[in-house]
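Written out below as structure tokens is the structure these notes cover.
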Amino acid sequence: MMTNITFPKEVTIFTVDKTYAECVSAIDSHKGSVIFDFQDTEEVDGCGIQLLLYLFSIVHQRNDAVTIAHPCESLVDAAVVFNVADVLGLSSATEST
Amino acid sequence: MNLLDTFIEEAEEHLSAMEASLLELEENGVSDDIINTVFRAMHTIKGSAGMVGLDHVSYFAHHIESFLDALRDGRVIYDNDMVAVLMDARDHINTLVNNDATSELMAVSEQLIAKVTPWYESDLTSASPTPFKSNEPEDSLGYWQLIVSPHSDSFKESFDVLPVIRELSELGECVVSTTLINHDDAEFIPTRCYMKFVILLDGAIEQDLIMSAFMFVEDDWEIACEFMSLDEERRLGDILVSMGAADGEAIESALTEQKRAGEFLTEKGVVTAQNVSQALEQQSFVEEKQAHVAKKQASVKVAADKLDKLLDLVGELVIVQSAVNQHADTNEDMALTNIGEELSRLTTEIRDTTFGIRMLPIGSTFGRYRRLIRDLSQSLGKKVKLETKGADTEVDKMVLESLNDPLIHLLRNSMDHGVESPHVRLESGKSETGTINLEASHRNGQVSIVIRDDGAGLNTQRIKEKALSKGIISDDDTLSDHDIHQLIFAPGFSTASEISDVSGRGVGMDVVKTSIENMQGSINLSSIQSEGTTTEILLPLTLAIIDGLMVDVAGEVFIIPLSSIEECVEVNHDQPEREDGSHLIKTRGRLVPALSLKHHFSIKGAPANYPQCVIVNAAEHRFGLIVDNVIGQHQTVIKSLGKLYHNVRGLIGSTILGNGDVAMIIDAAQLFEDVILPTKYSSSMETTNADEN
């Protein structure tokens, strides 16, 4: 079973509390792999990357796969700066940009 | 080479770097970069001098280093007067390094120490200078390691970490490792900052620049910035600990089992695969830098005389190779011909490689000319700026050494006679600071060195009068301005009204020309009154082996340097030879003066059926050398003629041919001067269209 979580327009310090709560709830309530969908997202800041790293770690801890779909430019850019593009599975997106 | 020789050689390199930096300091003002370079030089000299037992050098360098230490730490405020004293100190160390500690030298040491001491007097009570810890280390020596833990409330206080890390990553080569630390899953608060960064940055980046990225957060964040030596091994476990991915104890305990560290630590759950991946990136960053340094250091110093010996041997090899080829041709021996061809290929490769080893960038000498201009500016009360170009141009070590004196003469002349004093320049509408350009480049397989000044230019009338008074020319001579300017190369010629320390002894330009010609080079001068003078020196890339054209003159073989040859044409029998052996050869619609080598060197023999004319270009003049037959190209090892033939003009040396015979090498420039130029028609004929005649 696969869980698809769509992220909001902004994943920043101003939205992470709400996003975190929604994501954790969705992850906890469904077993199996998870897809974080960024098709609606336009802005990601350092706080947003931190949230993603944390969410990835909790999914990995229960030995499930997690992938990011439709990464926006802002997400890829921030992942590159923090050198976490590999960790977040965004290497192919990095190469294409 | 013993330890002392090595020290002296290295000290000279450091002093040279110090001199260049001090000149830059004087010109562009103070910068950390310059002060650090000067400090590094002094620090190294002090330490090395102590090691080789030159305590008098070490003692003096110690005091200068103390002053420089205070200067770079900001305890002393830089003042322009300091450069002159530091320059004197630099010169004094140069003297100390090459001389025993006499009481006179020690007295000079004390005088200079007395000059710098007041500048850092307040620090004298402190111990010896702090060990060298560069604020801006050399790229080759290490890298910066930053461990950055932002304040946990950073995000809440609207300090995003992203722009800070981005700014750092844009400073230069860099590896960022990001980990989340100190969070409990049950209590993860998304607006708290759990991020920790280990950032490795290129060692060449200024520390101040790095720290400026933290300008607004340095009071709240934990920032450790440390310069790491490349000598230190960067172990995976240590990296993971510095990243905060695991504590040292956990790593230690996990590593008691002998397995690959990263794999094993991940298996044990001590760290994540991502942590290991980032740590490995750090390791490879350091390893790449270590490899880079190892590559840079993979060079050895070789004594110059060994290189000279090697070149001599290559010369002998070239001769033997010619002999083999000639023997193969004479005997029509195919097997030997094949071996000869292979030998030729290898010889050419060895020759080129040997030349390559001997090639040095001309820029290595530019520093001393800057100093010369600076010192002369001060003594002559002129403002002159030296602009250099083409410092990377490589020339043979021997050429570079021989070039020094002529260049000093020319620069001194530009300073003394060329560039005007500031008030004269202002009166003539020029800026008060004159410019001397020193440019080097490769041109048509030769090295071109141009010295150009924007000074007063040559005074044509005065040169003419002087030449007349000295009997160098007569009233009947019709000379163009350009020809008159060339008269300054005549022996004993000088227009300077008084003899100065700088120039004006009337030997300078003559010596310059002779030196250049001895190097098989040429010198050309052009000048425009009130605008300046340009002198171009053209030199062969090397002085030892040249490519030449072998020609036959009544059974005698001559070599004409290929670099001076423009073309070969057949001599038309309708063009009669004059009594003095000169001809006029029509080529490409122009008449070119030509000289018969047979006639010039008084070689007896029947006239050739189809004589050839080799058109050469010497000092921008075209003229022909008439020979019986053109044999072909020849790799020519130049041998000096010896004392007996020292005064023979028109020959630059000799070479040994493959069959053991000796062939003379033609000096086209001298032949032009001695034979063609005095006939008076050279320049006019060369430029006259044949049809008009």
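Protein sequence lines, in the order shown, are assigned to chains A and B.
Under the working numbering, think of the first position of the first sequence as 3, with each following residue one higher.
Under the working numbering, think of the first position of the second sequence as 165, with each following residue one higher.
Quick reminder that beta carbons are idealized off the backbone N, C-alpha and C, glycines included.
{"Item": "Report yes or no: is there a C-beta of chain B within less than 7 Å of the C-beta of Thr80/A?", "Value": "Correcting the residue identity first, residue 80/A is Ala in this sequence and not Thr. Closer than 7 Å: yes."}
{"Item": "Go ahead and pull the three-state DSSP assignment for Val86/A.", "Value": "coil"}
{"Item": "Note the first and the last residue of the continuous beta strand (DSSP E) segment covering Gln610/B.", "Value": "610-617"}
{"Item": "Is the Cβ of Phe84/A closer than 7 Å to any Cβ of chain B?", "Value": "yes"}
{"Item": "Could you check where the beta strand (DSSP E) with Leu365/B kicks off and where it finishes?", "Value": "359-366"}
{"Item": "Which residue wins for smallest C-alpha separation from Ile710/B, given the options Thr170/B, Lys553/B, Val588/B, Arg515/B?", "Value": "Arg515/B"}
{"Item": "Against chain B, does Val61/A count as a neighbour if the rule is that its beta carbon must be under 7 Å from one of theirs?", "Value": "no"}
{"Item": "Determine the closest residue to Glu452/B out of Ser486/B, Leu429/B, Leu365/B, with distance taken between C-alpha atoms.", "Value": "Leu365/B"}
{"Item": "Cβ of Gln447/B within 6 Å of any heavy atom in the ligand ADP?", "Value": "In the structure on display, the ligand ADP does not appear, and there are no ligands present to speak of."}
{"Item": "Rounded to a whole number of angstroms, what is the C-alpha to C-alpha distance between Gly822/B and Asp556/B?", "Value": "37 Å"}
{"Item": "Could one say the Cβ of Leu53/A lies closer than 7 Å to chain B's Cβ atoms, at least one of them?", "Value": "yes"}
{"Item": "For Ala437/B, which residues from the same chain have a beta carbon less than 6 Å from its beta carbon, with the 5 sequence-adjacent residues on both sides left out?", "Value": "Thr430"}
{"Item": "Is DSSP giving Val464/B helix, strand or coil here?", "Value": "coil"}
{"Item": "Can Ser341/B and Val362/B be called in contact, C-beta distance under 7 Å?", "Value": "yes"}
{"Item": "Tell me whether Glu700/B sits in a helix, a strand or coil according to DSSP, three-state version.", "Value": "strand"}
{"Item": "Does any CB atom of chain B fall closer than 7 Å to the CB of Gly48/A?", "Value": "yes"}
{"Item": "Going along the chain, which unbroken runs of the alpha helix (DSSP H) with 4 or more residues stay wholly within the region 562-643 of chain B?", "Value": "586-591, 624-633"}
{"Item": "Does Glu334/B pass the burial test, meaning 16 or more other C-beta atoms within 10 Å, or should it be called exposed?", "Value": "exposed"}
{"Item": "Excluding five sequence neighbours on each side, which residues of the same chain lie with their C-beta closer than 7 Å to the C-beta of Ala181/B?", "Value": "Thr201, Ala205"}
{"Item": "Report the residues of the region 14-47 of chain A with a CB closer than 7 Å to any CB of chain B, ordered along the chain.", "Value": "Ile15, Val18, Asp19, Tyr22, Asp47"}
{"Item": "Rounded to whole angstroms, what's the CA-CA distance from Phe16/A to Gln447/B? Just pull it up for me.", "Value": "37 Å"}
{"Item": "I'd like to know whether the C-beta atoms of Ile600/B and Asp617/B end up nearer to each other than 7 Å.", "Value": "yes"}
{"Item": "Just the chain A side, please: which residues come within less than 9 Å of Met379/B by C-beta, in chain order?", "Value": "Per Cβ cutoff of 9 Å: no residues; Met379/B is ~17 Å from chain A at best."}
{"Item": "Just to confirm before moving on: does the CB-CB distance between Leu189/B and Val247/B stay below 7 Å?", "Value": "yes"}
{"Item": "For Tyr533/B, which of helix, strand or coil comes out of DSSP?", "Value": "helix"}
{"Item": "Output yes or no for whether 7 Å exceeds the beta carbon distance between Leu90/A and Ile70/A.", "Value": "yes"}
{"Item": "Can you check which of these residues, Leu276/B, Asp264/B, His226/B, is closest to Val249/B by C-alpha distance?", "Value": "Leu276/B"}
{"Item": "Determine whether the Cβ of Ile329/B lies closer than 7 Å to any Cβ atom of chain A.", "Value": "yes"}
{"Item": "Got a sec: is the Cβ-Cβ distance from Asp324/B to anything in chain A below 7 Å?", "Value": "yes"}
{"Item": "So Leu344/B contacts chain A; which residues on that side make the cut at Cβ distance below 7 Å?", "Value": "Gln52, Leu55, Tyr56"}
{"Item": "Can you tell me where the beta strand (DSSP E) holding Leu748/B begins and where it ends?", "Value": "746-751"}
{"Item": "Which of the three DSSP states, helix, strand or coil, is assigned to His785/B?", "Value": "strand"}
{"Item": "Look up Lys547/B in the DSSP assignment and give the residues it is bridged to.", "Value": "Thr597/B"}
{"Item": "Are the region 172-181 of chain B and the region 75-83 of chain A in contact at 8 Å, needing three or more beta carbon pairs?", "Value": "no"}
{"Item": "Among Phe58/A, His62/A, Gly50/A, Leu92/A, which has the Cα closest to the Cα of His72/A?", "Value": "Leu92/A"}
{"Item": "Please name the residue, chosen from Ser694/B, Lys628/B, Met683/B, Glu681/B, that lies closest to Phe657/B on a Cα-to-Cα basis.", "Value": "Lys628/B"}
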